[in-house]
Each structure stands twice: as structure tokens, then as C-alpha cells.
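Working notes, beginning with the structure itself.
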């Protein structure tokens, strides 16, 4: 899935498609103005705010900050230790207690679980194929505008409809994203969703190792002003954590395609939900009968998917409301 | 007085009651709403950098209130999944009974799943567009639309609107 680290960002879990409210026996929903007015009246019934305990709030806030700092320091120490161990293994080839056979060091004797070749370099350089076009452009301080042709990142040659045995989700590094990274993705979301950049914003996703945030735009020429708008949105963000990637479709395109799929009615399968990938290229469709749905979406006569999109059909489950 | 104390005092003085009303609709209970506001203020002030702009700080507090409500709902959901394993027959309330009597709006709201409730309050009370509700909840606009749709369908059955007959009284079910 061209350049996306996060296949399914926001699943739309709704009921059976094509089931009309009348058929489902649903009563008429309250008119919106009535609901808004009634909410305002109810809100007015709230008693005056109990005076917040200022000292407790500030003390607890200080304690929470301390806990977070401690967690960050511990995580940093672990990471440094991990890097140190890894470097030692790579540089040394094998450690004490290891045995050697055919030039391969066995680490962790007497119960070896992995091998490190002798003379393994401490730094590995993986050459990329010379034909691979650079589709990723970095943010400031040096703007390297991507040279990919529009749509190169997510208009890939994979089949347009795939049936999966189960829904797949990305495997992110444990621990969750650090705060600077989530600040970047939030700023990107606020700038991209709605407003002047909705026409170029495809989505945003964390790198799987939480090293940077990929921001998907249909026009990389807009990356500088998009980044500037992000800084206006949140001046504290670290712009070096943003990477811009060229994609073919905007979020709005993907949502329109989502709506089109959800509107499929009267077929031999039920659609429980449609999700849109972070790079606005893949639509994950949760259904009750993957074979029937796969055949339906693969039939060109049905007009799915729209050009440049891919559909991944997988078993879905209906959403069950729990009111407990 | 430090920046955090000033920010706290300014926010509570200017927007305290608005936050309370918001938390009240989210929780359906006065005491819980007070606790929610206090907890949200604490967490907002625990940030490494507290926003200087009171509106931005208020936005964080509101977001935290939503998260607290949704998280509490998730914990309750896990508990209710366990109940059948630990309770004897008859001790588990039949959810259908609650639907028979039509409720006040706060009661009907409280009976909604937390995320649906949050969508209703943010969209119909706070008047936020769907895109902003989606951003605040960290979901897609399509999810918000479906949650609002489901919430309104449920409210149509459970809420006794003041100037509206119950649907079943008009021969509809």
C-alpha cells in the first residue's frame, strides 16, 4: 500500500447497509433544532461548578508531569541500552561463551537463539534499487520537493480488489507516539481537515517506529505553506518530524468513495464498515460474506473502486451498542 | 503566582460554568461533572507546556473531558462483559426494561454509549461541525455521522421530547 504505515485509520462501523429506517422499525428521530434547544435547557440545569481545589489540581498536575518525565527518561535509558547491546553484537560478531562454526558466531550459548556473522559491519547500508523514484520529501530546514509524479505513491500496480482472511493492522513500536510526534500529527490534521488545504490533504500517519509523521499531500508544491499553517496552528511543533509524501487522492475523495461503498444496497452480502487508509488509497471493507463481496467489487460493471483506489475486503462484525 | 496557577484561575473564572454544563451533559450527573472538570483541569495543567491562550487551554480541557467519559465507558463495557460470568440469574438488569419508559433528555443521553453521547453533545450542544467533532474524538467524520445517526435513532425511542408525542402513541414503533 503505497507509502502508508497505517492501513486503517478510521473505521466507519455502522449497521446494515440498505436497511431503511422504516424497515428496521425505527421511530422518527427528533428534529435537530428541538434537540439542540433541549440540550441547552438541560445544560442550564447543571448546578454551579463546585469550586475546584486549586492546590490539589496543581499538586496532582506536578506529580503527573514528574511521572511522565520519569517514563521518558526510563524509556530513553532502555533505548540507549538496547542500541548499545545491538552495536556490541554487530561490532563483535560474537560474545564470550559463544561457539563458532563456519564463520558464524553463536550468541547466547548454551541456548542460542540467533546468529551474528563474523565481521558483520557495525553500520549497514542497504542500497536502494536505482530505479526507485524518491517519493518522500523532508520538511525544513531543507525542502526537498519530491520528484514523484502525481499519484505515484498510492496509485500502485497491486490488484484493485483483494479479499483478506482477516483485517490487518499495522504493527507500531510499543510505547505509543512521543508527545512531539503527536503534536505534529494533530497540527497536520487540524490544518488538513477542512479549510483551504482540504483539497490537497490525503491524511497523516506515524512512522511505525515513531520516528516521524508522514503527511500525505496530493500536491507536494504546497508542503511549505502547509507546514507554515501547521506552525501557525501550533507554534511549538518540531517541524523536522514532518515528512511529506505525494499521494493521488485527498481525504475528501476517500470519504466520498467510503460513502459510495456504504450506499451499496440490496446485495447478497452486508457491509458493516468501510475504513480509509491514512494515505487515502485503500478502502478496507468489512463484510459478512467476503467471497460475495469480493466478486461484487471485482466486477467492473459495478463501478468499484474508483480509479486509483484499492479495496480490501475482509470479514467484519456489526457494531453492538453497549449502554451499560 | 506561576503561569499554571494564572492559567487555571483565568480559565475557571471565565469558563468554569461553561465547562461544568458541558461535563454535566457528558456525564448526566452533577457530582460526576464536578469531578470531571477537576480531573480534566489537572491533566491539562500536567502538560509540559500549558497553552498561554485560554481558548486553547479550554479546548484541551474539553478534549480531556471527552476522553475521560469515553474511557470510563470502555471500562464499564469490560465490566458488563464479565457480569454474566460472576452474577447469578436475575441479578443482571434487563436493558430492555429501561427502554419501556421514555426518559428525560439527560437520562436518555446517559443511556447512550459514551462516544455517541459525546458526538451528540459536541454537535448539537456545542454546535461543532462534524469535522471538528471527528478531530476532537480522534475518529473520521464518517464515524461521527454514523454515531450521530445511531444516537438520534435511539433518542427517538427513549427520549420523551416535551412537545412531541412518543412515536408509539402515533401508531409507529
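Chains as they are written, first to last, in my numbering: chain A, 10 to 333; chain B, 122 to 294. Beta carbons: idealized from backbone N, C-alpha and C, even for Gly.
Asked	Found
Could you pull the start and end residues of the alpha helix (DSSP H) that residue 251 of chain B belongs to?	251-258
In the DSSP output, which residue or residues are listed as bridge partners for residue 259 of chain A?	For residue 259 of chain A, which the question treats as bridged, DSSP gives no partner whatsoever.
If you compare alpha carbons, which of B:261, B:272, B:276, B:279 is closest to residue 284 of chain A?	B:261
Tell me, please, which residues DSSP counts as bridged to residue 251 of chain A.	A:222
Pull out every residue of the stretch 125-140 of chain B whose Cβ sits closer than 8 Å to any Cβ of chain A, in chain order.	125, 126, 129, 130, 133, 137, 138, 140
Can you pull the chain C neighbours of residue 69 of chain A, defined as C-beta to C-beta under 7 Å?	No chain C is part of this structure, whose protein chains are labelled A and B.
So for residue 234 of chain A, helix, strand or coil by DSSP?	helix
What's the gap between the Cα of residue 153 of chain B and the Cα of residue 232 of chain B?	15 Å
How big is the Cα-Cα spacing for residue 277 of chain A and residue 322 of chain A?	14 Å
With burial defined as no fewer than 16 other Cβ atoms inside 10 Å of the residue's Cβ, what is the status of residue 250 of chain B: buried or exposed?	exposed
Give the straight-line distance between the Cα atoms of residue 156 of chain B and residue 163 of chain B, rounded to the nearest whole angstrom.	11 Å
Using Cβ-Cβ distances below 9 Å, what residues of the stretch 48-66 of chain A are close to chain B?	48, 49, 50, 51, 52, 53, 54, 55, 56, 57, 58, 59, 60, 61, 62, 63, 65, 66
Return helix, strand or coil for residue 279 of chain B, following the three-state DSSP convention.	helix
Just checking my contact of residue 68 of chain A with residue 167 of chain B at CB under 8 Å: how many whole Å lie between their CB atoms?	Contact doesn't hold; Cβ gap of about 11 Å is too wide.
Could you tell me which residues DSSP puts in a beta bridge with residue 171 of chain A?	A:321
Rounded to whole angstroms, what is the Cα-Cα separation between residue 74 of chain A and residue 51 of chain A?	36 Å
Assign residue 227 of chain A to one of two classes, buried (16 or more other C-beta atoms within 10 Å of its C-beta) or exposed (fewer than that).	buried
Kindly identify the DSSP beta-bridge partner or partners of residue 313 of chain A.	Per DSSP, none; premise fails for residue 313 of chain A.
Between the Cα of residue 211 of chain A and the Cα atoms of A:325, A:220, A:217, A:197, which residue gives the shortest distance?	A:197
Would residue 266 of chain A pass as a contact of residue 318 of chain A if the rule is Cβ separation under 8 Å?	yes
According to a CB-to-CB cut-off of less than 7 Å, which residues of the stretch 145-158 of chain B neighbour chain A?	145, 146, 151, 154, 155, 158
Which residues does DSSP pair with residue 143 of chain B in a beta bridge?	Partner(s): none; residue 143 of chain B has no beta bridge.
Give me the Cα-Cα distance between residue 230 of chain B and residue 189 of chain B, rounded to the nearest whole angstrom.	16 Å
Excluding the 5 residues flanking residue 247 of chain B on each side, which residues of the same chain have their C-beta closer than 6 Å to its C-beta?	none
For residue 226 of chain A, verify whether its CB is less than 7 Å away from any heavy atom of the ligand GDP.	The model on display carries no ligand, and the ligand GDP is accordingly not part of it.
Mind pulling the chain A residues with CB within less than 9 Å of residue 179 of chain B?	The contacting residues do not exist; residue 179 of chain B stays about 13 Å from chain A at best.
Would you say residue 266 of chain A reaches chain B, if we count a Cβ-Cβ gap shorter than 8 Å as a contact?	no
For a cutoff of 8 Å on Cβ pairs, would you count residue 45 of chain A as touching chain B?	yes
What residue range does the alpha helix (DSSP H) around residue 48 of chain A cover?	41-53
Grouping DSSP H, G and I as helix and E and B as strand, with all else coil, what is residue 215 of chain A?	strand
Which partner residues of residue 292 of chain A appear in the DSSP bridge assignment?	A:285, A:320
At the 8 Å Cβ level, is residue 73 of chain A part of the contact set with chain B, yes or no?	yes
Can you tell me whether residue 280 of chain A is helix, strand or coil according to DSSP?	strand
Which same chain residues, not among the five before or five after residue 240 of chain B, have their C-beta less than 8 Å away from its C-beta?	254, 258, 265, 268, 269, 272
Kindly indicate which residue of B:252, B:182, B:140, B:228 has the alpha-carbon position closest to the one of residue 278 of chain B.	B:228
Do you know whose CA, among B:245, B:238, B:243, lies nearest residue 149 of chain B's CA?	B:238
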